[in-house]
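>
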Amino acid sequence: MSKDQVVGALLVLVSIVVIVLYVWFVFFPGWLVPPWIDIVVLKLTGTVAIIVVFGILAWIGYTLATTPPPKPIEEIEKELEQELKELEKKEEEEKKEEKPAEESKPEEAKGEGQQQ
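Positions 0 to 115 (numbering that gives the first Met the number 0) are the ones given, in order, by the sequence shown.
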């Protein structure tokens with residue numbers, strides 16, 4: 000068995016034991032356990048449930064309160080348009096730089112061919 004399978008089997012086993020003990024303590028108190036255990040288990044379960052639910056709710060609230068608001072879509076669109084214009088200008092400049100270089104290459108090739 001791989002390590003993951005062993006961990007999975009242990010999780011199943013522990014879960015079944017906890018379920019059986021929980022049902023036993025809540026529905027059959029006084030039988031091999033103290034008679035007041037059912038109330039303690041129910042109080043503990045309720046307390047843990049409230050802590051988990053409202054802890055998650057508090058975490059969500061904290062995250063919403065401390066996260067800066069997103070930029071408006073209009074502002075993002077303007078930034079994208081500016082970047083697009085800058086890219087287009089760069090491409091035009093590169094094309095202009097390539098044209099003189101291409102025009103000079105055939106002349107150089109003709110000159111080299113005549114010398115031989």
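Virtual Cβ for every residue (Gly too), placed ideally from N, Cα, C.
Treat the numbers as computed from the prediction; the structure is a model and nothing was measured.
Give the straight-line distance between the Cα atoms of S1 and V22, rounded to the nearest whole angstrom.
The straight-line gap from Cα to Cα measures roughly 32 Å.
> Going along the chain, which residues of its own chain have a beta-carbon closer than 8 Å to the beta-carbon of L9, five neighbours each way excluded?
So the list is empty, once near-sequence residues are dropped.
> Can you tell me where the alpha helix (DSSP H) holding W35 begins and where it ends?
Run containing W35: none; DSSP gives neither H nor E here.
> Would you kindly work out how many angstroms separate the C-alpha atoms of L125 and E93, rounded to a whole number?
For the chain, the structure presents residues 0 to 115; residue 125 sits outside this window and is missing.
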